[in-house]
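Protein sequence lines, in the order shown, are assigned to chains U and V.
Following the numbering used here, the numbering of the first sequence begins with 87 at its first residue and continues without gaps.
Following the numbering used here, the numbering of the second sequence begins with 96 at its first residue and continues without gaps.
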Amino acid sequence: MIDVWKDAEGVRMALEEIFESDFVRSRIHSEGASPETIERMERQVPPRTLAWGYYRFGEHLLHLEALQQAGIGVASVDLAAFEAEGLLALHRARSAFKARHPACTACGERQQNRFGRECPGCGSKFQRKKA
Amino acid sequence: MSTSIELKAPRIIVIEDRGKQYALTLARIPKKLWLRYFEGILSTSENQNGKRVDSFDSSAARLDLVEQSLTTASGYALPDGKTSIDQVEGWKSMLPLSHRLGVANAIISVSASEPSDDDPISLGQESVFLDAVWSAGDDGIMRKFKGLRHNFISPTSEQQRRVSRDSSRSRVVGGSRNGKTQWLGAQATLADLYDELIVSVEGYTVDGAAPDREGIVEFMDTYHKVAAVDVLFAPAAPKVEEEA
Numbered sequence: 087m088i089d090v091w092k093d094a095e096g097v098r099m100a101l102e103e104i105f106e107s108d109f110v111r112s113r114i115h116s117e118g119a120s121p122e123t124i125e126r127m128e129r130q131v132p133p134r135t136l137a138w139g140y141y142r143f144g145e146h147l148l149h150l151e152a153l154q155q156a157g158i159g160v161a162s163v164d165l166a167a168f169e170a171e172g173l174l175a176l177h178r179a180r181s182a183f184k185a186r187h188p189a190c191t192a193c194g195e196r197q198q199n200r201f202g203r204e205c206p207g208c209g210s211k212f213q214r215k216k217a
Numbered sequence: 096m097s098t099s100i101e102l103k104a105p106r107i108i109v110i111e112d113r114g115k116q117y118a119l120t121l122a123r124i125p126k127k128l129w130l131r132y133f134e135g136i137l138s139t140s141e142n143q144n145g146k147r148v149d150s151f152d153s154s155a156a157r158l159d160l161v162e163q164s165l166t167t168a169s170g171y172a173l174p175d176g177k178t179s180i181d182q183v184e185g186w187k188s189m190l191p192l193s194h195r196l197g198v199a200n201a202i203i204s205v206s207a208s209e210p211s212d213d214d215p216i217s218l219g220q221e222s223v224f225l226d227a228v229w230s231a232g233d234d235g236i237m238r239k240f241k242g243l244r245h246n247f248i249s250p251t252s253e254q255q256r257r258v259s260r261d262s263s264r265s266r267v268v269g270g271s272r273n274g275k276t277q278w279l280g281a282q283a284t285l286a287d288l289y290d291e292l293i294v295s296v297e298g299y300t301v302d303g304a305a306p307d308r309e310g311i312v313e314f315m316d317t318y319h320k321v322a323a324v325d326v327l328f329a330p331a332a333p334k335v336e337e338e339a
């Protein structure tokens, strides 16, 4: 039996799945997409692979993070140790997501991957660093 | 007929079965017993091909709660030589299963109801309304009490966080990938928050009088506390109109 709130690695994996599925979903309903395209993209939303408790605890951590970002501070003394560990797992998951999907330096839109040559949002050209 | 729930009085649940009435009396159910009931609920979720499949079973917990709370019952034929049901050893477990489950269903028959007043909501104070079955009246008829009012001070973000934290706690049985999630529930937290937030109630009495805050905290049924705070923390539905 696993106590989900103590399994920081499982929580991190669930958060990465949440980020990836939200990323795909955010691109689905772009203007002008035909129903066929929407259906095809819906199939690209990665399925959830972990036990459901991990996602629910991940949602709690996202809520905590949103409070902190809005300046509604949760004093660290009020955080349970497992919440603090969970927030660190959230930080790791978000960093990994950002590394996989870098933001366009011109418009901020997250890219499909690190290897694109042009931002689909604003058309900015990306330059590769020369080795 | 009383229009208020008397919190200190024993509860009499009347079951009608094949044209006969059976009255089952319950002692006041203490918080400890209610928490044992909540802990006994098996609420699980499974991941089946990426889809969530929930299951819920409270029958064992309900039966346990009833057996722990029953004090007497009437209407049943007794064995020869017995003049009272108390004289029959193990009488609680001899009651028909359907009667025990019926009693349990009656005491957990609590639901959110629409506000019964037309006043706008006061800032800094929130009211929750419940409908509930409580006890049979002197005429032996079970009635539903409607619009039981619980007035709270507005919860803080810290209290909101405690609800979020405790309702997100779960255990996984059978491995992190293929396992079944067992939800631990936040009812104990909700009951504690009730005591922190409650200001006054309407529709309840203690010894025939409206209870003060201390009386509410001490005598309010824990199931009603949990149900009321659950409604308090549930998001209100925005009014959305379909475009023509």
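All C-beta atoms, glycine included, are put in the ideal place defined by N, C-alpha and C.
Closest residue to residue i among the options (Cα-Cα distance)
| i | options | result |
| --- | --- | --- |
| Val326 (chain V) | V:Glu336, V:His245 and V:Val335 | V:His245 |
| Leu102 (chain V) | V:Ile180, V:Asp316 and V:Thr139 | V:Asp316 |
| Gly145 (chain V) | U:Ile114, U:Gly157, U:Ser107 and U:Phe143 | U:Ser107 |
| Arg264 (chain V) | V:Arg272, V:Gln255 and V:Gly280 | V:Gly280 |
| Ala331 (chain V) | V:Gly235, V:Ser222 and V:Ile248 | V:Ser222 |
| Gly172 (chain U) | U:Met87, U:Leu147 and U:Gly139 | U:Leu147 |
| Ile293 (chain V) | V:Leu192, V:Ile203, V:Ile236 and V:Pro306 | V:Pro306 |
| Ala94 (chain U) | U:Phe201, U:Ala152 and U:Gly139 | U:Gly139 |
| Leu121 (chain V) | V:Lys127, V:Pro105, V:Glu111 and V:Gly232 | V:Pro105 |
| Pro174 (chain V) | V:Glu309, V:Leu218 and V:Gln182 | V:Gln182 |
Neighbour flag for residue i against chain U, beta carbons, 8 Å
| i | result |
| --- | --- |
| Ser208 (chain V) | no |
| Met268 (chain V) | Reading off the sequence shown, one finds Val at residue 268 (chain V), where the question assumed Met. So, interface residue. |
| Thr251 (chain V) | no |
| Thr120 (chain V) | no |
| Ser150 (chain V) | no |
Neighbour flag for residue i against chain V, beta carbons, 8 Å
| i | result |
| --- | --- |
| Ala182 (chain U) | no |
| Asp108 (chain U) | no |
| Val90 (chain U) | yes |
| Gly139 (chain U) | yes |
| Ala166 (chain U) | yes |
| Gly157 (chain U) | no |
For residue i, the first and last residue of its enclosing beta strand (DSSP E)
| i | result |
| --- | --- |
| Asp290 (chain V) | Per DSSP, Asp290 (chain V) belongs to no beta strand (DSSP E); it is in the alpha helix (DSSP H), Gln282 to Leu292. |
| Ile110 (chain V) | Arg106 to Asp112 |
| Trp278 (chain V) | Lys275 to Trp278 |
Identified DSSP bridge partners for residue i
| i | result |
| --- | --- |
| Phe168 (chain U) | In the DSSP output, where bridge partners are listed per residue, Phe168 (chain U) has none listed. |
| Thr317 (chain V) | DSSP lists no partner for Thr317 (chain V). |
| Asp89 (chain U) | V:Arg266 |
| Ala247 (chain V) | A small fix is needed here, since residue 247 (chain V) is Phe in this sequence, not Ala. According to DSSP, which records beta bridges pairwise, Phe247 (chain V) is partnered with V:Glu221 and V:Ile293. |
| Thr120 (chain V) | V:Ile107 and V:Thr167 |
| Gln143 (chain V) | V:Lys146 |
| Lys115 (chain V) | V:Asp112 |
| Val301 (chain V) | V:Ala304 |
| Glu253 (chain V) | According to DSSP, which records beta bridges pairwise, Glu253 (chain V) is partnered with nothing at all. |
| Ile100 (chain V) | V:Tyr299 |
| Glu204 (chain U) | U:Lys211 |
Opening and closing residue of the alpha helix (DSSP H) in which residue i lies
| i | result |
| --- | --- |
| Arg147 (chain V) | Segment Lys146 to Asp152 is the beta strand (DSSP E) holding Arg147 (chain V); no alpha helix (DSSP H) there. |
| Arg131 (chain V) | Lys126 to Gly135 |
| Ala100 (chain U) | Ala94 to Ile114 |
(Q) Runs of 3 residues minimum, wholly inside the segment 169 to 245 of chain V: which ones carry the beta strand (DSSP E) assignment? (A) 205 to 207 and 220 to 231
**Message:** My parser needs the alpha helix (DSSP H) runs of 4 or more residues fully inside the segment 127 to 202 of chain U; what are they?
**Reply:** 138 to 155 and 167 to 186
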